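Chains as they are written, first to last, in our numbering: chain A, 1149 to 1298; chain B, 1149 to 1298. Glycine included, each C-beta is placed from N, C-alpha and C at the ideal position. The structure displayed is predicted, hence computed values, not measured ones. See structure below.
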DNA sequence: GCCGCTAAGTAATAACATTACGTAAAACGA
DNA sequence: TCGTTTTACGTAATGTTATTACTTAGCGGC
């Protein structure tokens, strides 16, 4: 089976999981929201909001930035998408939500390529550090810039 | 001694250390760069670039944004200042540079208040996770959002 | 003095994100 | 089923953050 087909399968998996998640939580995965999510899935990496505007606009119909931002807000709230603050871009969140794990987005400083890793060890270490700092709870997401080994 | 005086003393310490650092590395802490750094030190927390423009501008002389951004770039390269990507703001980096420690900026989601903690434990855990992800080196800075206990 | 380099001035614009307000359709209760 | 409420999206304008391109000024070495 081709890599292409594998990826296609994975795409469909993600879409289906998103659909299920929304169904189970009474969230409405509207056409626009699904198109935005699908575009992020297919891109395989971080995409900027205005890039999404372009990609989802046709000659006939141009979407407004705010439309994309609204969809992104929804997807972020649903935990399906993560915002990369250092890159002003958005990327699908992989892996089943594990409450105890830190979701680390490693971002390649050069290319912007990202890889997501979940780590309970990091979560625990960060939790301790947070305590020191007087923080009672911390986001389960973080972003770390680095260099991909090639 | 008053808290005010203590803070003042701390400010002077930071300024002196910055000065030393630049001297030792043949970096030029020009008047503008020093003013930007001083403003950040005095604010005691994160400040936006355009805020700095306003604060460092007088009626007579208005600084251009690019002037501030250039100073911030310098200070960041020197390791004196850290950019908070989630907040679009800039904050002084405290603590002596420890190569083996992760410099974690905890950011209060409500107020934007920050506290910096250095942790070798987190650094080690992140390094391991990075290896899994195929990253060979990672930034010694990270930003974590959370909630300050009050 | 002149050269070469770095910093800063100036103007414009790019890139990213939000506010405000109107319309339409879905969801909900009586 | 009707009216009300809520949610999503359209539309336009604007706000906020950051950069590019080019020019001018200052400083150090020769």
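Nearest residue (CA-CA) to residue i, options the options
{"i": "residue 1216 of chain B", "options": "B:1262, B:1174, B:1183, B:1159", "result": "B:1183"}
{"i": "residue 1285 of chain A", "options": "B:1296, B:1212, B:1260", "result": "B:1296"}
{"i": "residue 1195 of chain A", "options": "A:1238, A:1172, A:1176", "result": "A:1238"}
{"i": "residue 1172 of chain A", "options": "A:1226, A:1152, A:1273", "result": "A:1226"}
{"i": "residue 1190 of chain A", "options": "A:1240, A:1236, A:1230, A:1180", "result": "A:1240"}
{"i": "residue 1145 of chain A", "options": "B:1254, B:1269, B:1280", "result": "This structure leaves residue 1145 of chain A out entirely; chain A is present only between 1149 and 1298."}
{"i": "residue 1269 of chain B", "options": "B:1187, B:1164, B:1248, B:1261", "result": "B:1248"}
{"i": "residue 1219 of chain A", "options": "A:1234, A:1257, A:1178", "result": "A:1178"}
{"i": "residue 1294 of chain B", "options": "B:1206, B:1255, B:1166, B:1264", "result": "B:1255"}
{"i": "residue 1228 of chain A", "options": "A:1152, A:1298, A:1156, A:1163", "result": "A:1163"}
{"i": "residue 1278 of chain A", "options": "B:1158, B:1282, B:1253", "result": "B:1253"}
{"i": "residue 1257 of chain A", "options": "A:1234, A:1224, A:1243, A:1274", "result": "A:1234"}
{"i": "residue 1246 of chain A", "options": "A:1271, A:1158, A:1283", "result": "A:1271"}
{"i": "residue 1236 of chain B", "options": "B:1204, B:1207, B:1199, B:1222", "result": "B:1199"}
{"i": "residue 1186 of chain B", "options": "B:1209, B:1155, B:1262, B:1213", "result": "B:1155"}
{"i": "residue 1282 of chain A", "options": "B:1204, B:1261, B:1273", "result": "B:1261"}
{"i": "residue 1211 of chain B", "options": "B:1244, B:1221, B:1197", "result": "B:1197"}
{"i": "residue 1250 of chain A", "options": "B:1291, B:1168, B:1263", "result": "B:1291"}
{"i": "residue 1230 of chain B", "options": "B:1170, B:1263, B:1176", "result": "B:1263"}
{"i": "residue 1244 of chain A", "options": "A:1168, A:1151, A:1275, A:1209", "result": "A:1168"}
{"i": "residue 1259 of chain A", "options": "A:1193, A:1157, A:1165", "result": "A:1193"}
{"i": "residue 1181 of chain A", "options": "A:1223, A:1158, A:1242", "result": "A:1223"}
{"i": "residue 1188 of chain B", "options": "B:1175, B:1176, B:1174, B:1204", "result": "B:1204"}
Residue i: contacting residues in chain A (beta-carbon distance under 7 Å)
{"i": "residue 1285 of chain B", "result": "1294, 1295"}
{"i": "residue 1280 of chain B", "result": "1265"}
For residue i, the first and last residue of its enclosing alpha helix (DSSP H)
{"i": "residue 1169 of chain A", "result": "1151-1172"}
{"i": "residue 1231 of chain B", "result": "Segment 1229-1232 is the beta strand (DSSP E) holding residue 1231 of chain B; no alpha helix (DSSP H) there."}
{"i": "residue 1183 of chain B", "result": "1179-1191"}
Neighbouring residues, chain A, relative to residue i (Cβ below 9 Å)
{"i": "residue 1259 of chain B", "result": "Under the 9 Å cutoff, chain A gives no residues; its nearest Cβ is about 12 Å from residue 1259 of chain B."}
Simplified DSSP assignment, three categories, for residue i
{"i": "residue 1247 of chain A", "result": "coil"}
{"i": "residue 1223 of chain A", "result": "helix"}
{"i": "residue 1207 of chain B", "result": "coil"}
{"i": "residue 1258 of chain A", "result": "coil"}
{"i": "residue 1098 of chain B", "result": "Nothing can be reported for residue 1098 of chain B: it is not among the residues displayed for chain B, which extend from 1149 to 1298."}
{"i": "residue 1287 of chain A", "result": "coil"}
{"i": "residue 1200 of chain B", "result": "helix"}
Where the beta strand (DSSP E) through residue i begins and ends
{"i": "residue 1262 of chain A", "result": "1262-1267"}
Looking at chain B, which residues of the segment 1265-1276 of chain A have a Cβ within less than 9 Å of any of its Cβ atoms? 1265, 1266, 1267, 1269, 1270, 1271, 1272, 1273, 1274, 1276
Taking a cut of 9 Å between CB atoms, which residues from the segment 1196-1227 of chain B lie near chain A? none
Chain-ordered residues of the segment 1230-1254 of chain B with a beta carbon less than 7 Å from chain A: 1233, 1234, 1252, 1254
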